[in-house]
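In what follows, a structure is listed as structure tokens, so that the remarks can point back to it.
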Amino acid sequence: RDISWEFPGAGFAQCAGRVPEMSVDSKAKEQLEAKLLSHIAAGHDVKNTIAFAAESGVNHPNKAKLLNDVVKSLKASRIVEAKQVNKQTVILSKEGKRWVKEGSPEYQIFMALEEPMDKKSLLNKMKSLGGAANPGMSECMKRRWISLDKETKLIRRLIEPSTVKDEVREQLLKVQKGESLDVKVLKILKKRKMTGTKKETWYEVSKGKEFTVERKALATDLTQELMKGDAWKKVEFKEYLMTTEPKEALVGALHPLMKVRTEFRQILLEMGFSEMPTNNFVESSFWNFDTLFQPQQHPARDAHDTFFLGQPQKCLKLIDEYVERVKTMHEKGGSGSIGYRYDWSLEESKKNILRTHTTAVSSRMLYKLAQEKEFTPRKYFSIDRVFRNESLDATHLAEFHQVEGLVADRGLSLSNLIGTIKTFFTRIGIDDVKFKPAYNPYTEPSMEIFGYSKELKKWIEIGNSGMFRPEMLAPMGLPEDVSVIAWGLSLERPTMIKYGYKNIRDLFGHKVKLDLIYNNPLCRY
Amino acid sequence: MPTIDVLRDRLFEMLEQKFTEEEFENLCFEFGIELDDVTSEKEMKSKAEGEERAEGLSEDVIYKIEIPANRYDLLCIEGLASALRIFLGKDKRTDFKITTPSDDKILKMTVKKETNQIRPFVVCAVLRDIKFDQARYESFIDLQDKLHTNICRQRTLVAIGTHDLDTLQPPFTYEALPPKDIVFKPLNETQAFNAEALFPYYEKKENCKLKPFLKIINKSPVYPVIYDSKRVVCSLPPIINGEHSKIKLTTQNVFIECTATDLTKANIVLNTVIAMFSRYCSKPFSVESIKVSYESKRLEPQIYPQMDPIKFTTDAKYINSRIGIEIKAKDMAKLLTRMSLPAKVIDESKGTLEVLAPPTRSDILHPCDIMEDVAIAYGYNNIAKLVPKTFTVAAQQPINKFTELLRGVLSQAGYMEVLTFALCAKKEIFDYIRTPDDGKTAITLSNPRVEGFNIMRTCLLPGLLKTIAESAGYRKPIRIFEVSDICLLDNTTETGAKQRRHLSALWCDTKSGLENIQSLLRRVMDMNGVSFDSKNSGKGYYLKESSNPAYFQGRRADVYVDGKCIGTLGIVHPEVLDNFNVKSPCSAIELDIEGFC
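Okay, here's the thing in structure tokens:
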């Protein structure tokens, strides 16, 4: 983009506007304008500005273009009338010019074939023709100038050199002179890459309503200078095209995904949810899985799905009594549960990982809540990164953002969870939700949330939810009548739907196009 | 979640009902499974290997159905059909009949003590007078595959062996022997091997599906093996069965053994196989016991299968209050029956329910699982949507509130926000920014699947430089920023890791733009009410020339606030730019902003 930017930020302004210069260009323009106007004043119209510039005697490599600029400006001041003419002309390509000089490839091949020879030797002899050698040879055969003897495999002349006429060269000469040619011929020449096209724009110029040889200086802008006294009343202003698309403003911008994060935070805060501290990408398997009653052989704990750490490989501290209660719950059950009945391993739970969900944070917060003297109800939320050991594709990244909300209170029901989810999704523009039974090791009941997307015009899976299992809450020490309802979703998916992204990699990571960030509209639901 | 393929017409035949695709989809949605795809054998092959290879294959409609990960009873068409029949009210529950012959007639399995070193448990049973056909036989093999991949965790926890009992001579022994002493002809092989030679053979064999399992036992000095009384090898668990006792379409009596490291799961697996295939016995749903004795006395002698239902007692009040509905205990019992959970009201006045969870429902651990099944049968979407009355006052995390405000300041200053990964490659945060790795700074990953993600970033600058490298054609100057977390090792925390919130900004143009980055620093400080410490008073911010190798010599400094170093700035070193393939000069700043909170 060749745009000169003037940046208004205090203290940061780097690039001033372009310094105007009385350059070679301006001088040439002045000369061209004078010649043109005096020519018209003498009663002649100008049929072609390119030709006029060429004969003007002005010395400048781009004089034709400069003259066009002059005409545009004169037209704006109604000094001249000008009609724009666009024309495409056929011209010789680099190769075409060569064949004019040397003769067409087929002609050269024929002339070179003094003695019969095999194809390989002939091609070798004509190496200088490059890519044109093979088509040239076919052309010779087609014209019955030469032929291949099937028995001897030798190529020989069929006619005398004196009778050969280099037709293609003659056609190319005509192109060079600007003479007309048959359309079919032109097509063939173009196909053989001997010709190309050139686009030209020029003007037909005649007197305008306010024709004058000596141009009046027009004001281009309302300046501080012109505001002195009533100077602005005495000048004429140059025409200004008001209806073109304005230039982009040079300003900062926020990232689309972060804009949606801001909006979601706002909505959850408005709903009375407090933010949880989520600054622990590294988490022990204990808090990420075991406290959530996720058995140690669960597939999610596989190296295929979870990032384990080289260092720090193991967590350094756990709360012993709590560990004991979690272990007992896995191995033997309790609080009405029969447990998973396997040998629980402390070593396994000490393994550090990159958290696979922010539910690890919820678990810590609920444990903390359970340690308070008297239970008080809570509503919590968080939005932060989680990590999965995935191969990357259009819908999967190894790290993405999870939105999570939970309510802990006495006597909460599934009906309350459904009501909370419905309220949240209505706020982000999804009015219709329905629920599908699902399985999740730490919630029971578990529900997948489906929402009707107005953008996609179909039902899509938009999140997961459930009531935390008693096997998770009891070891923490939460009273038995306290239920915890929770739901979660990714931040990326609703953002992709809202802004019409097809590929998650266009939204997150260093390959995101800056233009997409710059042009991304406001986020409000 | 596992997915199973079932022939649509066969499923509908078993359900004795036809559905349109939409009707079947809705049934799945209500029941909690998902119709993932509708295809055919021909279409699948065609997609995988091209149309030509698919020529002549069946075009019968196949439903791919996604099953919840804890419902092993739905992993074959037999189980799925019977659960759906019960859900649709077409059938009542299934009762299994276990025949236990007298102690002199019962088949016996003795477990030698050496198995303790490698795979200590075995459970077994016999299906008598079973009748296979092609479809049943394939389903029988498929179910074992599905169980192996799911609950058996790739055969590490449990491995299933099924045999033609009539080719074997009980009693059986379960032993663990040095590999070279185990000689047999493995399933689908033409020659005999000793186990020591067999493993390298499988390693080398092309497309050998057994390769992933070899590592489960190959380091052990002894391998587990099951023999009959004539020393015929039934199986070398968890790898392969013997060819001798291979199941055929004509097999009438099936001997099932499941060896395991997890006894609970071994029982679930054995019971699932019995529950699914005993229906094809001449006396449907009957099974014959086997007695397993442990030489080591690790366990008392056991009779398997152990299919007694597990009794749960719960009450209508608990279930109603947790779901948020108001229905009677007897109606709950009816709903539970539809979920294959036999339930009866044992105290009408208190609404007490007794539920007998059958062996097929090993997912039931707690009355809350029963509550869920009531909710499913009632219909999640028939439950009222009530917002909880919980009153709370909301608060933000101070660091996040500050981040939101700071992002405003930076974008107002004309900078564009970018979002880069916390995962990165080791070379990017060390070599590329000319910083040596002392081994005490960064958090490393042990098993990354994607190359380029093997460490957690310790600063934001590399991510910004990567972004600039990708935006080479963008109009200049390019001004970008990110406010996000970085990770560091810290042995004073619980996990040994900590996170810090950083701000990094970068100016890229045809000139370095260092002054602009300095101005940005001033702006950030002004907005935080921190003034420039021109008099060396120890209050406010100041810059001190640094030797940070990421920046250009003589054009780099550390940023101090109240005497404490909180970050760095400077012209990015040309070698650093080159490492990231950035062609234009850049200036950058990186600050730890937690001190502002």
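Each protein sequence line maps, in turn, to chains A and B.
Count along the first sequence from 1, then add 7; that gives the number in the working numbering.
Count along the second sequence from 1, then add 53; that gives the number in the working numbering.
We treat Cβ as the ideally placed atom computed from N, Cα and C, and that holds for glycine.
Please read these numbers as outputs of a predicted model, since none were measured by experiment.
Counting only runs of at least 3 residues, the region 494-568 of chain B fully encloses the following beta strand (DSSP E) elements, listed from N- to C-terminal order: 531-542 and 550-561. Comparing alpha-carbon positions, the option among A:GLY484, A:ILE47 and A:ASP237 lying closest to GLN378 of chain A turns out to be A:GLY484. The C-alpha of GLN318 of chain A is placed about 7 Å away from the C-alpha of LEU498 of chain B. Collapsing the DSSP output to three states places CYS639 of chain B in a strand.
For GLU397 of chain A, the closest Cβ of chain B is nearer than 8 Å. Looking at the backbone, the Cα of TRP106 of chain A and that of PRO112 of chain A are separated by about 7 Å. Interface annotation, GLU411 of chain A: not in contact with chain B, CB-CB separation never under 8 Å. If the five residues before and after TYR532 of chain A are omitted, its C-beta is found closer than 7 Å to the C-beta atoms of GLU270, ARG434, ILE435 and GLY436, all from its own chain and listed in chain order. DSSP, read as helix, strand or coil, puts TRP106 of chain A in helix. Nearest Cα to GLN115 of chain A within the set A:ASP309, A:ASN66 and A:GLU174: A:GLU174. Your pair GLY214 of chain B and ILE279 of chain B checks out as a contact, with CB atoms roughly 7 Å apart and the cut at 8 Å.
The C-beta separation of VAL340 of chain B from ILE327 of chain B comes to about 5 Å, placing the pair in contact by the 8 Å criterion. Annotation: the continuous alpha helix (DSSP H) that includes MET329 of chain B extends over 316-330.
Close to chain B, meaning a Cβ-Cβ distance shorter than 7 Å, are the following residues of the region 412-434 of chain A: VAL414, ASP416, GLY418, LEU419, SER420, LEU421, SER422, ASN423, ILE425, GLY426, THR427, LYS429 and THR430. Within the region 500-512 of chain A, no residue has its Cβ closer than 8 Å to any Cβ of chain B. In the DSSP assignment, the residues bridged to MET124 of chain A are A:ILE162. Contact of VAL489 of chain A with chain B by beta-carbon distance below 9 Å is absent, the smallest such distance being about 11 Å. Counting the other CB atoms within 10 Å of its CB gives VAL31 of chain A a total below 16, which places it among the exposed residues. As the crow flies, the alpha-carbon of ILE130 of chain B is around 7 Å from that of LEU64 of chain B. The continuous beta strand (DSSP E) containing LYS150 of chain B extends over residues 150-152.
With a threshold of 8 Å between beta carbons, TYR446 of chain A makes contact with chain B.
Among the CB atoms of chain B, one or more fall inside 8 Å of the CB of THR269 of chain A. Against chain A, the CB of GLU425 of chain B has a partner CB under 8 Å away; the residue lies at that interface.
The C-beta of PRO395 of chain B has 16 or more other C-beta atoms within 10 Å across all chains shown, which makes the residue buried.
By the criterion of a C-beta distance shorter than 7 Å, THR227 of chain A is surrounded in its chain by LYS245, once the five residues flanking it on both sides are discounted. DSSP, reduced to helix, strand and coil, places SER490 of chain A within a strand of the structure shown. Separation of the CB atoms of ALA603 of chain B and LEU542 of chain B is rounded to 20 Å, and the pair is thereby denied contact status at 8 Å. Counting C-beta pairs with one atom in each stretch, the region 382-396 of chain A and the region 578-585 of chain B have fewer than three that are closer than 8 Å, which means they do not touch.
At a cut-off of 8 Å between C-beta atoms, PHE407 of chain A does not count as an interface residue with respect to chain B. With contact defined as three or more Cβ pairs closer than 8 Å, the region 266-285 of chain A and the region 435-448 of chain B are in contact.
Cβ proximity to chain A below 7 Å picks out GLY516, LYS519, THR520, GLU523, SER524, TYR527, ARG528 and PRO530 from the region 515-530 of chain B.
With fewer than 16 other CB atoms across the displayed protein chains lying within 10 angstroms of its CB, CYS261 of chain B is exposed.
Per the C-alpha coordinates, the member of A:SER460, A:GLN409, A:LEU44 and A:GLU462 positioned closest to ARG222 of chain A is A:LEU44.
Shown here, ARG417 of chain A sits in a strand according to DSSP, grouped into three states. The DSSP assignment places 160-164, 174-180 and 211-217 as complete runs of the beta strand (DSSP E) inside the region 155-220 of chain B, in order along the chain (cut-off: 3 residues). ASP400 of chain B sits in a strand when the DSSP states are folded into three classes.
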